[in-house]
Amino acid sequence: MNQEDIEILREAARIMQRKEPLERAVGRAVRNKGKDYSYYIALMSELRNAASMDAVSVDDEFRILVECAEDQG
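Count along the sequence shown from 1, then add 5; that gives the number in this note's numbering.
Structure follows, in structure tokens:
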């Protein structure tokens with residue numbers, strides 16, 4: 006994932022409401038950054054592939070990426 010993707014995931018984590026599905030929060034973050042639906046699909050696909058490779062859920066992969074990004078600054 007590139008830096009822009011990580012920033013959108015960080016934004017999604019920031020705006021995510023309690024008990025809101027990850028996909029909805031990411032969709033809002035993508036729209037807030039002025040991106041389109043095809044960008045959202047590509048981002049979610051990349052997130053799902055990363056989760057599959059790490060043998061974790063998509064939600065867990067999301068949290069891992071956001072936490073790593075915040076640890077790096």
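Cβ coordinates follow ideal geometry from the N, Cα and C atoms, glycine included.
In terms of residues, what are the limits of the alpha helix (DSSP H) holding residue i?
i, result
"residue 12", "8-20"
"residue 50", "42-59"
"residue 25", "Taken as a continuous stretch (DSSP letters only), residue 25 belongs to no alpha helix (DSSP H), as it is neither H nor E."
Who are the Cβ neighbours of residue i in its own chain at under 8 Å, not counting the five residues just before and after it?
i, result
"residue 27", "17, 21, 63, 64 and 67"
Given a cut-off of 9 Å on the beta-carbon distance, is the pair residue i and residue j in contact?
i, j, result
"residue 70", "residue 48", "no"
"residue 52", "residue 35", "no"
"residue 12", "residue 60", "no"
"residue 6", "residue 55", "yes"
Can you tell me the Cα-Cα spacing of residue i and residue j, whole angstroms?
i, j, result
"residue 10", "residue 58", "18 Å"
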